[in-house]
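Visitor:
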Amino acid sequence: MINIALPKGRLGEKVYALFEQAGYPCPAIKEESRKLIFENEAAGVRYFWAKPTDVPVYVERGAADIGIAGKDILLEYAPDVYELGDLGMGKCRMCVAGPATFRDSRDATLRVATKFPNIAKQYYASVSRQIDIIKLNGSIELAPIVGLSDVIVDIVETGSTLRENDLAVLETIVPISARLIANKAGYKFKYEAIRTMREKLFALCEGGSI
Ligand code: PRP
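In terms of the numbering used here, the sequence shown opens at residue 12 and continues consecutively.
Given below as structure tokens:
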């Protein structure tokens with residue numbers, strides 16, 4: 012049995028559809044319910060719905076053998092897991108954003124609001140810029156509008172949240188997409204089954220790469 016942590020939400024549903032197509036169906040998962048675990052013994056899979064930021068925690072500690080996590084989450088939390096490939100889904104980019112007219116004069120500490128303090132710290136360290144991190148948990152775009160921060164470091168997908176709040180991308184830090192990850196010990200113990208699953212998934216994955 013392979014235990015698979017799926018990120019709850021739209022990406023998770025797309026990813027489950029891929030597993031189903033690849034020959035690992037578990038139709039009960041598509042029924043409206045509050046259930047979090049679904050098993051198909053015949054197909055050798057057990058799926059969990061986890062909060063996207065928690066997927067690497069389940070995988071790192073071995074509660075799940077594999078999982079799907081955004082590169083943003085992997086960069087931020089640096090879990091000790093194997094990255095088995097880029098599914099080419101959930102594409103977006105990590106950006107610095109702020110008012111389009113913002114120019115960093117570098118004469119004061121830059122106030123940066125973000126859900127991703129480690130990514131922000133690393134990025135600004137790489138450009139030798141001193142910053143004050145303001146850690147928020149959501150609706151990050153609000154921060155520069157109400158004067159809580161100068162800029163934000165956040166995910167931009169369509170750009171509509173920025174546009175609708177009169178903000179713009181100032182710098183692109185890194186492209187983001189969904190990755191297949193594996194527990195290090197589980198990968199050794201279930202090597203054949205996980206490799207087979209990986210091959211079947213990536214054969215279907217347009218734009219994906221191992
Ligand atoms: C994410 C991100 C941006 C938005 C970007 O927020 O933090 O706010 O999506 O998408 P867009 O470029 O397509 O507009 P999310 O919806 O996860 O909610 P949050 O504000 O609670 O973090």
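Here a beta-carbon is modelled for each residue, glycine too, at the ideal position from N, C-alpha and C. The structure presented is a predicted model; accordingly, all values stated were derived computationally and were not measured.
Per the DSSP calculation, N51 is bridged to which residue(s)?
Guide: DSSP output for N51 lists V56 as bridge partner(s).
Visitor: Taking the alpha carbon of W60 as the reference point, which residue from E52, D118, A54, A39 has its own alpha carbon closest?
Guide: Checked all of E52, D118, A54, A39; the closest Cα to W60 is A39.
Visitor: Give a single yes or no on whether E168 has its beta carbon closer than 7 Å to a heavy atom of the ligand PRP.
Guide: Checking every heavy atom of the ligand PRP against the Cβ of E168, one is found closer than 7 Å.
Visitor: Taking C-alpha atoms, which residue in S160, I221, S188 lies nearest to L178?
Guide: It is S160 whose Cα lies nearest to the Cα of L178.
Visitor: Taking DSSP as the reference, what is the three-state secondary structure of L95?
Guide: Looking at L95 - three-state DSSP - the assignment turns out to be strand.
Visitor: Consider the C-beta atom of S160 and the heavy atoms of the ligand HEM; say whether any pair is separated by less than 7 Å.
Guide: The ligand HEM is absent from the structure shown, which contains only the ligand PRP.
Visitor: Find the nearest neighbour of T112 within the set L181, K46, V92, judged by alpha-carbon distance.
Guide: Of L181, K46, V92, the residue nearest in Cα terms is L181.
Visitor: So, at 6 Å on beta carbons, what are the nonlocal neighbours of F49 in its own chain, with the 5 sequence-adjacent residues on each side left out?
Guide: Hits under 6 Å: C37, A39, I40, Y58.
Visitor: Can you check the region 135-215 for any alpha helix (DSSP H) of at least 4 residues that lies completely inside it and give the ranges in chain order?
Guide: Here the runs fully enclosed are 153-156, 171-175, 195-200, 202-215.
Visitor: Taking the continuous alpha helix (DSSP H) assigned at A28, which residues delimit it?
Guide: Where A28 is concerned, the enclosing alpha helix (DSSP H) stretches over 21-32.
Visitor: Figure out for me which residue from E52, G96, F127 has the closest Cα to the Cα of C216.
Guide: Comparing Cα-Cα distances from C216 to each of E52, G96, F127, the minimum goes to G96.
Visitor: Rounding to the nearest angstrom, what Cα-Cα distance links E203 and A74 in this structure?
Guide: Each residue's alpha carbon lies about 19 Å from the other.
Visitor: If N194 sits next to D76, beta carbons under 8 Å apart, how far is it from one beta carbon to the other, in whole angstroms?
Guide: At roughly 5 Å, the Cβ-Cβ gap stays under 8 Å, so N194 and D76 are in contact.
Visitor: Between S171 and the ligand PRP, is there a pair consisting of the residue's CB and a ligand heavy atom that are separated by less than 7 Å?
Guide: Indeed, a heavy atom of the ligand PRP lies less than 7 Å from the Cβ.
Visitor: Do you know offhand how far G78's Cα is from I151's?
Guide: Those two C-alpha atoms are separated by around 27 Å.
Visitor: I'd like to confirm something about S150: is its beta-carbon nearer than 7 Å to some heavy atom of the ligand PRP, or not?
Guide: Answer for S150: yes, Cβ within range of the ligand PRP.
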